[in-house]
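Heads up: the sequence lines are chains A and B, in that order. With positions in the first sequence counted from 1, the corresponding number in our numbering is that position plus 196. With positions in the second sequence counted from 1, the corresponding number in our numbering is that position plus 1018. From the three backbone atoms N, C-alpha and C, an ideal C-beta is built for every residue, glycine too. Keep in mind it's a predicted model, so treat the numbers as computed, not measured. Taking it in order: structure first as structure tokens, then the write-up.
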Amino acid sequence: MTEMTVLNPIHRALGAKMVDFGGWDMPISYGSQIEEHHAVRTDAGMFDVSHMTVVDLRGVRVREFLRQLLANSVDKLKVSGKALYSCMLNAEGGVIDDLIVYFLEDDYFRLVVNAATRDKDLAWIRQHAARFGVQVEHHPELAMIAVQGPHARAKAASLWPAELAARALALKPFSATREGALFIARTGYTGEDGFEITLLGTEAAAFWRRLQDAGVQPCGLGARDTLRLEAGMNLYGQDMDERTTPFEAGLAWTVSIDAGRDFIGRAALERQQRDGVPRQMIGLVLDEKGVLRHGQRVHTTQGVGEILSGTFAPTLGKAVAFARIPAGDPGAVSVDIRGRQLAARVVRYPFVRNGQACAGI
Amino acid sequence: MSEIPGDLKFLKSHEWARLEDDGLVRVGISEHAQSQLGDLVYVELPGVGDTVTVGNACAVVESVKAASDVYTPVSGTVVEVNEALTDKPETINEDSYGEGWIFAVKPSNPEDMEALLDPDAYAELLDEEDAH
């Protein structure tokens, strides 16, 4: 069964090219994917991300539950509305999903998890929540629109009443504010400033149209993918999954091995730390003509690896990628593109931040 | 659906061929193919002088989304390639049947053209694909 967001009729009316994305019928682009990409880097674009799964957790022991469920530490969340990016691991340290957790009240947190992993995530969360008496509420009635770009916040805020607009514009990065069911977070998946706005599905179409009237460019999942890869952000299922630990996916910075917190997967991660992490994720740039793509073989002095996410990066005018390769100094790296060995440069990512190529890219 | 020029013939794999007055066959990809691929970012051209055989992949067009082989609709020798595509691959998106041509072949077997789809048959093929 293909699932559709409430905005599906709008995408079709706008002439979007639709694709199946993890069981959802979603727009890949409305015209030129590259123009949509540039709209977000230079002005403002919007994405229907209503397929994402919103899960509310309620209970007096919810923080205690999240200390166990997540590899990052929710104790970093001290102010209501603050958000944290984390992996949710299995006992072997494999990544079940990556997510954002919001601290709202002492007995109320919100998770936003991926669409394609919804069912297994909900089952896993419910299984572990039971012991803490935490209620797990999935909210399929909510829609989500990400408005991203240097002018995104101003354009979105222009549509809200003055008090709410002021509150939204005062948000620090990675924090959120609420007004009834409306949930405004200064977060995103593009490397640009902006909001991710959760609202009732019944109100999403009207809000989308008002954003369009305010000059926000509808953008598809194609641009979302090139934007997030330029921004150095992982995609679940492509860059990591249950067979990779966060250490092998460039996500060590999201793991908090803090004293006395026994989160699921911790023992396995500590074992891996002690024995050595066998694989690493690196960033690659291809200076020659060609496009790095998922599945291409990567040759290093440490052995063979493969391209995870790879694409043409419209901001840079050349291809970039994440690759997973054996641990150690990779030396000179080449990528097998249709039988040709092309030299690739190992770089630190993000590749692009706030509209500009990062140093060394 | 935009008009398909009447002087073109097609492969099922969405390449077009145009027999020109000087006997050369110019080759590109169809409007439908470019629209399916989306924004093109890289074209790998054949070499001038290459011998090509019907059904052989002899060029590659890459969009942000995917890489796609370009098959030659006729056998012969490559006598021209569209070097302008190296810097402006998006020309194929903008004018797939004109400035977006990819290479030209001096055909070794003139009958090859007769085996190709005419514009009506190609349009029908696209309708069938749409129905799926």
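Please report whether the beta-carbon of A/I230 lies at a distance below 8 angstroms from any beta-carbon of chain B. Taking Cβ atoms only, chain B reaches closer than 8 angstroms to A/I230, which makes this a yes.
Distance cutoff 8 angstroms, beta carbons only. Does B/M1019 sit that close to anything in chain A? With a pLDDT of only 47 at B/M1019, under the threshold of 50, the placement of this residue in the model should not be trusted; the figure read from the coordinates follows. By this cut-off, B/M1019 is not an interface position.
Can you give me the Cβ contacts of A/Y442 inside the same chain, cut-off strictly under 7 angstroms, excluding the 5 residues immediately before and after it? It is Pro, not Tyr, that sits at residue 442 of chain A in the sequence shown. A267, C283, V291, A448, T450, V451.
Run through DSSP, which three-state label would B/V1061 get? Three-state DSSP puts B/V1061 in a strand.
Assuming A/A212 contacts A/P223 under a Cβ cut-off of 8 angstroms, what Cβ separation, rounded to an integer in Å, is found between them? That pair is a contact at about 4 angstroms.
Between which two residues does the alpha helix (DSSP H) containing A/D471 stretch? Its alpha helix (DSSP H) spans residues 462–471.
Pairing CB atoms from the stretch 462–482 of chain A with CB atoms from the stretch 520–527 of chain A, are three or more of them under 8 angstroms? The stretch 462–482 of chain A vs the stretch 520–527 of chain A: in contact.
Residues of chain A with CB under 9 angstroms from B/G1056, in chain order? Under the 9 angstroms cutoff, chain A gives K213, I224, S225, S228, Q229, I230, G418.
Might you give, ordered along the chain, the residues of its own chain that have their beta carbon closer than 6 angstroms to the beta carbon of B/M1019, omitting 5 neighbours on each side? Since pLDDT at B/M1019 reaches only 47, below the 50 mark, its modelled position is unreliable, and no value is offered.
Would A/A364 and A/A353 qualify as a contact pair, given that the criterion is a beta-carbon distance under 8 angstroms? At the C-beta level, A/A364 and A/A353 come within 8 angstroms of one another.
Can you find a C-beta in chain A that's less than 8 angstroms from the C-beta of B/Y1115? Output row for B/Y1115: interface = no.
What is the residue span of the beta strand (DSSP E) that A/D293 lies within? Start and end: 291–301.
Neighbour-count burial assignment, A/G486, 16 or more Cβ in a 10 Å radius: Buried, since its Cβ has 16 or more Cβ neighbours within 10 Å.
Short Cβ contact (8 angstroms threshold) for A/L280 with A/K272: The Cβ atoms of A/L280 and A/K272 lie closer than 8 angstroms to each other.
Measuring only the C-alpha atoms, how far is A/A540 from A/L423? Approximately 20 angstroms between the Cα atoms of the pair.
Neighbour-count burial assignment, B/T1090, 16 or more Cβ in a 10 Å radius: With 16 or more other Cβ atoms within 10 Å, it is buried.
Within the same chain, show all residues whose beta-carbon is closer than 6 angstroms to that of B/D1057, passing over the 5 residues directly before and after it, in chain order. Answer for B/D1057: S1081, V1082, listed in chain order.
How big is the Cα-Cα spacing for A/D458 and A/R263? Looking at the two C-alpha atoms, the distance is approximately 8 angstroms.
Taking B/V1045 as the reference, which of B/L1055, B/A1149, B/V1078, B/S1053 has the closest Cα? Of B/L1055, B/A1149, B/V1078, B/S1053, the smallest CA-CA separation from B/V1045 is found for B/V1078.
Comparing the C-beta of B/Y1060 with each C-beta of chain A, is any distance below 8 angstroms? At a cut-off of 8 angstroms between beta carbons, B/Y1060 contacts chain A.
State the Cα-Cα distance for the pair B/F1028 and B/G1067, rounded to the nearest angstrom. Answer to the nearest angstrom: the Cα atoms are 23 angstroms apart.
Contact the stretch 328–335 of chain A vs the stretch 501–511 of chain A: 3+ CB pairs below 8 angstroms: Judged by Cβ distances under 8 angstroms, the stretch 328–335 of chain A makes no contact with the stretch 501–511 of chain A, as fewer than three pairs qualify.
Three-state secondary structure assigned by DSSP to B/H1032: In the displayed model, B/H1032 falls within coil according to three-state DSSP, outside both helix and strand.
Using C-beta distances below 6 angstroms, list every residue in its chain close to A/V245, excluding the 5 sequence neighbours before and after it, in chain order. Its chain contains M340, A342 as the residues whose beta carbon lies nearer than 6 angstroms to that of A/V245, once the 5 sequence neighbours on both sides are disregarded; these appear in chain order.
Hey, A/P546 and A/G387 are a contact pair by Cβ (cut 8 angstroms); roughly how many whole angstroms apart? With 8 angstroms as the limit, A/P546 and A/G387 qualify as a contact, their Cβ atoms being about 6 angstroms apart.
B/R1044 bridges to which residues according to DSSP? Paired residues: B/R1036, B/A1122.
Would you please verify whether the beta carbon of A/C554 is less than 8 angstroms from any beta carbon of chain B? Not a single C-beta of chain B is nearer than 8 angstroms to the C-beta of A/C554.
By Cβ distance below 7 angstroms, which residues in the same chain neighbour A/L538 in space, the five residues on each side in sequence not counted? So the list reads L482, E484, G486, S530, V531, once near-sequence residues are dropped.
Span separating the alpha-carbon of A/A517 from that of B/G1041: Going by the C-alpha atoms only, they are around 44 angstroms apart.
Which value, in whole angstroms, describes the spacing of the CA atoms of B/E1129 and A/T238? Here the alpha carbon of B/E1129 sits roughly 52 angstroms from the alpha carbon of A/T238.
Roughly how far, in whole angstroms, is the beta-carbon of A/T383 from the beta-carbon of A/E392, given that I think they are within contact range, below 8 angstroms? Contact between A/T383 and A/E392 holds, since their C-beta atoms are separated by about 5 angstroms, short of 8 angstroms.
N- and C-terminal bounds of the beta strand (DSSP E) containing A/I503: Its beta strand (DSSP E) spans residues 499–509.
Under 8 angstroms between C-beta atoms of A/T394 and A/V250: The answer is yes: Cβ separation under 8 angstroms.
Spatially closest choice to A/A209 from A/E260, A/A401, A/T497, A/H234, by CA coordinates: Answer by Cα proximity: A/A401.
Grouping DSSP H, G and I as helix and E and B as strand, with all else coil, what is A/G479? Secondary structure at A/G479: strand, using DSSP grouped into helix, strand and coil.
How many angstroms separate the CA atom of A/P255 from the CA atom of A/L307? First, the residue type needs correcting, since residue 255 of chain A is Gly and not Pro in the sequence shown. A/G255 and A/L307 have their alpha carbons spaced roughly 14 angstroms apart.
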